[in-house]
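Report on the following structure.
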Amino acid sequence: MSEADAADEVPLEQRPLAPEPLEPQQLTPAERRRALRSLMLDARIALLSEIGARALTDHLARRVRDVELRRLAVGLNEEGVALVAEVQQLIRDMGGSPRRTSLRRRALARILVTSRHVVGLRTVLRLLQHQEETLSRWYGEYAVFLARIGEPVRATSFEVLRATKLRRAQAVGTWVSNMARRMR
């Protein structure tokens with residue numbers, strides 16, 4: 226097993242919070258602009274996912290009957306507003322023009338939450354957990370990339386986002402696990 230395969234075997238929650246110190250690559254200004262533009266385009270896709278996660282928690286907060294789950298969804302939704310704003314600002318800082326919202330993501334979140342009686346609330350929460358884990362992984366990769374091109378401040382911002390998304394995924398994952406136990 227190679228070292229890369231061994232690193233993939235480490236669970237996401239056991240990986241270090243800060244990226245390993247790396248020697249930044251010496252880039253020309255043009256190379257740095259291209260690298261940041263490439264990352265900015267990737268971050269715009271992550272922003273759409275972030276908007277979708279926030280829309281999902283917003284609709285869950287309005288429609289769920291369980292008081293504790295509603296409280297979690299309200300908290301995640303409020304935090305999601307700040308996360309969307311932070312990712313939008315990071316995109317602006319890299320020279321991009323971020324989306325403010327996504328009608329398609331909001332509509333799909335509403336349909337998904339409305340269909341929870343058919344597909345099951347656990348399935349909806351599992352999708353939210355998967356979305357949070359995926360964003361956490363992406364933000365971690367962005368942090369490493371930025372550290373490698375000599376952008377430590379932006380790298381730290383994405384590392385904080387990674388830790389936040391991981392914490393959110395674990396909170397939702399607790400509900401997914403507990404719902405499975407209740408079904409037995």
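For the sequence shown, the numbering used here begins at 226 and goes up steadily by one.
For each residue, glycine too, the CB sits at the ideal point set by N, CA and C.
It should be emphasised that the depicted structure is a prediction, and the values quoted were computed from it without experimental measurement.
Proximity to residue i [Cα-Cα], best of the options
i, options, result
"Gly365", "Val349, Ser382, Gly277 and Gly375", "Ser382"
"His284", "Glu376, Ser340 and Glu384", "Ser340"
"Ala380", "Thr253, Leu264, Gln251 and Val289", "Leu264"
"Glu311", "Glu376, His355, Ala334 and Glu384", "Glu384"
"Ala396", "Leu266, Ala372 and Arg351", "Arg351"
"Leu346", "Glu275, Arg317, Leu266 and Arg295", "Arg295"
"Arg393", "Leu252, Leu297 and Gln251", "Leu297"
"Leu360", "Gln251, Ser274, Arg331 and Ile374", "Ser274"
Limits of the alpha helix (DSSP H) - the one that residue i falls within
i, result
"Thr359", "Leu346 to Arg373"
"Leu252", "Careful: Leu252 lies outside any alpha helix (DSSP H) and carries neither H nor E."
"Arg329", "Leu328 to Thr339"
"Glu293", "Val292 to Asp318"
Burial state of residue i, where buried means 16 or more other Cβ atoms lie within 10 Å
i, result
"Asn302", "buried"
"Pro246", "In this prediction, Pro246 scores a pLDDT of 49, lower than 50, which makes its location untrustworthy; no coordinate-derived value is stated."
"Leu261", "buried"
"His342", "exposed"
Min CB distance residue i to chain B below 8 Å
i, result
"Ala372", "You won't find chain B in this structure, because it holds only one protein chain."
### Message
With three or more beta-carbon pairs closer than 8 Å as the criterion, would you say the region 290 to 309 touches the region 250 to 269?
### Response
Taking one beta carbon from each stretch, the region 290 to 309 and the region 250 to 269 have fewer than 3 pairs nearer than 8 Å; the two do not touch.
### Query
Are at least three pairs of beta-carbons, each pair with one atom in the region 387 to 400 and one in the region 320 to 335, less than 8 Å apart?
With a cut-off of 8 Å, the region 320 to 335 and the region 387 to 400 do not count as touching, because too few Cβ pairs lie within range.
### Query
Does the pairing of the region 325 to 337 with the region 365 to 378 give three or more beta-carbon distances under 8 Å?
The region 365 to 378 and the region 325 to 337 do not touch, with fewer than three beta-carbon pairs separated by less than 8 Å.
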